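Numbering (the numbering used here), first residue to last: 370 to 616. Note that beta-carbon positions come from the ideal geometry of N, C-alpha and C, so glycine has one too. In this text the structure is predicted, and so the values were computed from the model without any measurement.
Okay, structure coming up:
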(Lines of atoms letter the chains of each structure in order from A and count residues from 1; the text may use other names and numbers.)
(Lines give C-alpha, C1' and ligand atoms only; values in the text may rest on other atoms or scores of the structure.)
Protein backbone atom coordinates (compact mmCIF):
# COMPACT_ATOMS: atom_id res chain seq x y z
CA UNK A 1 0.00 0.00 0.00
CA UNK A 2 1.72 3.17 -1.18
CA UNK A 3 -0.49 6.10 -0.32
CA UNK A 4 0.03 9.72 0.72
CA UNK A 5 0.86 10.20 4.39
CA UNK A 6 -0.90 12.34 6.97
CA UNK A 7 0.62 15.05 9.12
CA UNK A 8 3.33 13.95 11.48
CA UNK A 9 4.47 10.39 11.90
CA UNK A 10 3.02 8.39 14.79
CA UNK A 11 3.49 4.88 16.11
CA UNK A 12 1.02 2.78 18.01
CA UNK A 13 3.98 1.48 20.00
CA UNK A 14 5.06 4.90 21.31
CA UNK A 15 2.55 5.32 24.10
CA UNK A 16 -0.17 6.99 22.10
CA UNK A 17 0.06 9.62 19.38
CA UNK A 18 -2.36 11.25 16.96
CA UNK A 19 -2.28 12.26 13.31
CA UNK A 20 -5.03 14.48 11.99
CA UNK A 21 -6.12 16.55 9.03
CA UNK A 22 -9.44 18.15 8.14
CA UNK A 23 -10.90 14.83 6.97
CA UNK A 24 -9.70 12.10 9.34
CA UNK A 25 -8.02 11.50 12.68
CA UNK A 26 -5.76 8.51 13.31
CA UNK A 27 -5.03 7.68 16.95
CA UNK A 28 -2.66 4.91 17.95
CA UNK A 29 -1.81 3.35 21.30
CA UNK A 30 -0.72 -0.10 22.46
CA UNK A 31 -0.90 -1.54 18.97
CA UNK A 32 -4.48 -0.39 18.33
CA UNK A 33 -5.27 2.36 15.82
CA UNK A 34 -8.58 4.22 15.60
CA UNK A 35 -9.40 5.95 12.31
CA UNK A 36 -12.20 8.51 12.60
CA UNK A 37 -13.95 10.04 9.57
CA UNK A 38 -14.40 13.75 10.28
CA UNK A 39 -16.78 15.30 7.73
CA UNK A 40 -19.71 15.21 10.12
CA UNK A 41 -21.46 18.19 8.49
CA UNK A 42 -21.62 16.14 5.27
CA UNK A 43 -22.45 12.86 7.08
CA UNK A 44 -18.87 11.78 6.35
CA UNK A 45 -19.58 11.60 2.63
CA UNK A 46 -16.62 10.27 0.68
CA UNK A 47 -15.11 13.10 -1.34
CA UNK A 48 -11.94 12.53 -3.35
CA UNK A 49 -9.88 14.45 -0.78
CA UNK A 50 -11.36 12.46 2.08
CA UNK A 51 -10.67 9.17 0.30
CA UNK A 52 -7.04 10.20 -0.16
CA UNK A 53 -6.80 10.94 3.56
CA UNK A 54 -8.34 7.56 4.45
CA UNK A 55 -5.97 5.71 2.12
CA UNK A 56 -3.02 7.59 3.59
CA UNK A 57 -4.09 6.59 7.09
CA UNK A 58 -4.47 2.94 6.09
CA UNK A 59 -0.99 3.03 4.60
CA UNK A 60 0.32 4.45 7.87
CA UNK A 61 -1.24 1.59 9.86
CA UNK A 62 0.08 -0.98 7.41
CA UNK A 63 3.64 0.35 7.71
CA UNK A 64 3.68 0.37 11.51
CA UNK A 65 5.38 -2.82 12.75
CA UNK A 66 3.61 -2.46 16.09
CA UNK A 67 0.08 -2.37 14.69
CA UNK A 68 -2.24 -5.11 15.96
CA UNK A 69 -5.74 -3.94 15.04
CA UNK A 70 -7.62 -1.03 13.47
CA UNK A 71 -10.98 0.46 14.43
CA UNK A 72 -12.81 2.57 11.82
CA UNK A 73 -15.59 4.89 12.95
CA UNK A 74 -17.29 8.16 12.05
CA UNK A 75 -17.81 11.50 13.74
CA UNK A 76 -21.33 12.78 14.31
CA UNK A 77 -24.53 11.12 13.09
CA UNK A 78 -22.99 8.96 10.38
CA UNK A 79 -20.39 6.29 9.85
CA UNK A 80 -20.51 7.37 6.21
CA UNK A 81 -23.39 8.25 3.92
CA UNK A 82 -21.41 7.10 0.88
CA UNK A 83 -20.11 9.01 -2.11
CA UNK A 84 -20.08 12.81 -1.98
CA UNK A 85 -22.67 13.47 -4.68
CA UNK A 86 -22.14 17.24 -4.51
CA UNK A 87 -18.62 16.72 -5.83
CA UNK A 88 -20.12 15.17 -8.97
CA UNK A 89 -22.40 18.07 -9.84
CA UNK A 90 -21.29 19.29 -13.27
CA UNK A 91 -18.41 16.81 -13.37
CA UNK A 92 -17.33 15.05 -16.56
CA UNK A 93 -17.86 11.29 -16.91
CA UNK A 94 -14.10 10.87 -16.57
CA UNK A 95 -14.06 12.81 -13.28
CA UNK A 96 -16.99 10.80 -11.93
CA UNK A 97 -15.25 7.54 -12.81
CA UNK A 98 -12.04 8.75 -11.12
CA UNK A 99 -14.09 9.56 -8.01
CA UNK A 100 -15.63 6.08 -8.09
CA UNK A 101 -12.23 4.42 -8.44
CA UNK A 102 -10.76 6.07 -5.36
CA UNK A 103 -13.87 5.23 -3.30
CA UNK A 104 -13.70 1.60 -4.44
CA UNK A 105 -10.05 1.46 -3.39
CA UNK A 106 -10.89 1.89 0.30
CA UNK A 107 -12.70 -1.47 0.77
CA UNK A 108 -9.92 -3.24 -1.13
CA UNK A 109 -7.24 -1.74 1.10
CA UNK A 110 -9.20 -2.60 4.25
CA UNK A 111 -9.28 -6.23 3.17
CA UNK A 112 -5.60 -6.17 2.21
CA UNK A 113 -4.54 -4.60 5.50
CA UNK A 114 -2.45 -7.12 7.44
CA UNK A 115 -4.19 -6.55 10.77
CA UNK A 116 -7.87 -7.14 11.62
CA UNK A 117 -10.22 -4.20 11.09
CA UNK A 118 -13.28 -3.51 13.26
CA UNK A 119 -15.95 -1.12 11.97
CA UNK A 120 -17.52 0.83 14.85
CA UNK A 121 -20.67 1.94 13.06
CA UNK A 122 -22.00 4.95 14.93
CA UNK A 123 -24.83 6.01 12.61
CA UNK A 124 -25.80 5.94 8.95
CA UNK A 125 -23.83 3.45 6.83
CA UNK A 126 -25.31 3.94 3.38
CA UNK A 127 -24.15 3.21 -0.15
CA UNK A 128 -20.37 3.43 -0.30
CA UNK A 129 -20.33 3.87 3.48
CA UNK A 130 -22.07 0.54 3.90
CA UNK A 131 -19.57 -0.99 1.47
CA UNK A 132 -16.70 0.29 3.61
CA UNK A 133 -18.26 -1.43 6.63
CA UNK A 134 -18.75 -4.65 4.64
CA UNK A 135 -15.02 -4.76 3.86
CA UNK A 136 -14.04 -4.63 7.53
CA UNK A 137 -13.35 -7.93 9.25
CA UNK A 138 -15.76 -7.32 12.13
CA UNK A 139 -18.64 -4.89 12.59
CA UNK A 140 -19.82 -3.35 15.88
CA UNK A 141 -22.96 -1.21 15.57
CA UNK A 142 -24.55 1.40 17.77
CA UNK A 143 -28.19 0.60 18.45
CA UNK A 144 -29.12 3.72 16.47
CA UNK A 145 -27.13 2.77 13.35
CA UNK A 146 -28.83 2.31 9.97
CA UNK A 147 -27.65 0.35 6.96
CA UNK A 148 -28.61 0.42 3.32
CA UNK A 149 -27.54 0.05 -0.29
CA UNK A 150 -29.87 2.57 -1.97
CA UNK A 151 -28.01 2.77 -5.28
CA UNK A 152 -30.83 1.26 -7.37
CA UNK A 153 -33.08 4.15 -6.31
CA UNK A 154 -30.61 6.41 -8.15
CA UNK A 155 -30.35 4.24 -11.26
CA UNK A 156 -27.00 2.62 -10.42
CA UNK A 157 -25.82 -0.49 -8.55
CA UNK A 158 -23.64 -0.97 -5.44
CA UNK A 159 -20.40 -1.07 -7.41
CA UNK A 160 -17.95 -0.72 -4.52
CA UNK A 161 -18.20 -4.40 -3.67
CA UNK A 162 -21.74 -4.42 -2.28
CA UNK A 163 -23.02 -6.98 -4.78
CA UNK A 164 -20.19 -9.33 -3.81
CA UNK A 165 -19.52 -8.77 -0.10
CA UNK A 166 -23.11 -8.46 1.12
CA UNK A 167 -24.17 -11.92 -0.18
CA UNK A 168 -21.09 -13.44 1.46
CA UNK A 169 -22.18 -12.02 4.82
CA UNK A 170 -25.96 -12.43 4.84
CA UNK A 171 -26.61 -14.91 2.02
CA UNK A 172 -27.71 -14.27 -1.57
CA UNK A 173 -31.46 -14.00 -0.95
CA UNK A 174 -31.26 -11.44 1.86
CA UNK A 175 -28.62 -9.49 -0.04
CA UNK A 176 -30.78 -9.35 -3.16
CA UNK A 177 -33.79 -8.18 -1.14
CA UNK A 178 -31.77 -5.33 0.37
CA UNK A 179 -30.11 -4.33 -2.90
CA UNK A 180 -33.18 -4.68 -5.16
CA UNK A 181 -35.41 -2.61 -2.84
CA UNK A 182 -32.79 -0.16 -1.60
CA UNK A 183 -34.40 -0.34 1.84
CA UNK A 184 -32.67 0.66 5.06
CA UNK A 185 -32.47 -1.59 8.09
CA UNK A 186 -31.67 -0.84 11.71
CA UNK A 187 -28.91 -2.29 13.84
CA UNK A 188 -31.03 -5.03 15.44
CA UNK A 189 -32.15 -6.34 12.04
CA UNK A 190 -28.58 -6.10 10.78
CA UNK A 191 -27.49 -8.26 13.72
CA UNK A 192 -30.32 -10.75 13.13
CA UNK A 193 -29.26 -11.38 9.53
CA UNK A 194 -25.54 -11.50 10.29
CA UNK A 195 -24.54 -8.14 8.86
CA UNK A 196 -23.05 -6.99 12.18
CA UNK A 197 -21.42 -8.92 15.01
CA UNK A 198 -22.56 -6.85 17.99
CA UNK A 199 -25.09 -4.13 18.83
CA UNK A 200 -24.37 -1.80 21.75
CA UNK A 201 -25.61 1.47 23.15
CA UNK A 202 -24.17 4.47 21.27
CA UNK A 203 -22.13 5.73 24.21
CA UNK A 204 -20.55 2.28 24.65
CA UNK A 205 -19.66 1.74 21.00
CA UNK A 206 -16.01 2.75 20.95
CA UNK A 207 -15.36 1.19 24.33
CA UNK A 208 -16.83 -2.13 23.19
CA UNK A 209 -14.97 -2.07 19.87
CA UNK A 210 -11.74 -1.23 21.69
CA UNK A 211 -12.24 -4.16 24.06
CA UNK A 212 -12.59 -6.45 21.04
CA UNK A 213 -9.46 -4.92 19.50
CA UNK A 214 -7.55 -5.49 22.75
CA UNK A 215 -8.62 -9.13 22.80
CA UNK A 216 -7.18 -9.45 19.29
CA UNK A 217 -4.03 -7.51 20.15
CA UNK A 218 -3.34 -9.80 23.12
CA UNK A 219 -2.71 -12.73 20.77
CA UNK A 220 0.39 -13.63 18.75
CA UNK A 221 0.50 -10.92 16.05
CA UNK A 222 2.01 -13.05 13.30
CA UNK A 223 -0.58 -15.77 13.90
CA UNK A 224 -3.43 -13.25 13.78
CA UNK A 225 -2.11 -11.79 10.52
CA UNK A 226 -1.69 -15.25 9.02
CA UNK A 227 -5.22 -16.20 10.06
CA UNK A 228 -6.68 -13.08 8.41
CA UNK A 229 -4.70 -13.75 5.25
CA UNK A 230 -5.88 -17.37 5.10
CA UNK A 231 -9.52 -16.50 5.73
CA UNK A 232 -9.57 -13.67 3.20
CA UNK A 233 -7.83 -15.79 0.57
CA UNK A 234 -10.17 -18.70 1.22
CA UNK A 235 -13.25 -16.57 0.56
CA UNK A 236 -12.21 -16.12 -3.07
CA UNK A 237 -10.48 -19.43 -3.80
CA UNK A 238 -11.05 -23.17 -3.67
CA UNK A 239 -11.06 -25.13 -0.42
CA UNK A 240 -7.85 -26.86 -1.48
CA UNK A 241 -6.06 -23.55 -2.06
CA UNK A 242 -7.24 -22.26 1.28
CA UNK A 243 -6.03 -25.37 3.08
CA UNK A 244 -2.61 -24.88 1.51
CA UNK A 245 -2.34 -21.54 3.32
CA UNK A 246 -3.02 -23.25 6.65
CA UNK A 247 -0.06 -25.56 6.09
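Query                                                                                                                        : Result
Contiguous alpha helix (DSSP H) assignments of at least 4 residues, all confined to the region 541-570                       : 541-550 and 556-561
Residues bridged to residue 321 (per DSSP)                                                                                   : Any property of residue 321 remains undetermined from this structure, which presents the chain solely from 370 to 616.
DSSP-derived helix/strand/coil call for residue 525                                                                          : coil
Simplified DSSP state of residue 393, which is helix, strand or coil                                                         : strand
Where residue 446 falls: helix, strand or coil (DSSP)                                                                        : coil
Residue 606 classed as buried or exposed, judged by whether at least 16 other C-beta atoms fall within 10 angstroms          : exposed
Nearest candidate by alpha-carbon position, reference residue 512, set 575, 413 and 471                                      : 575
Within 8 Å, strictly: CB atoms of residue 504 and residue 479                                                                : yes
C-alpha distance - residue 578 paired with residue 510, whole-angstrom precision                                             : 9 Å
For residue 550 and residue 381, the rounded distance between their alpha carbons                                            : Below a pLDDT of 50, predicted positions are generally treated as unreliable, and residue 381, at 47, falls in that range; the measurement from the model is reported next regardless. C-alpha separation (whole angstroms): 42 Å.
Neighbourhood of residue 482 by C-beta distance below 8 Å, restricted to the same chain and skipping five residues each side : 370, 427, 430, 431 and 439
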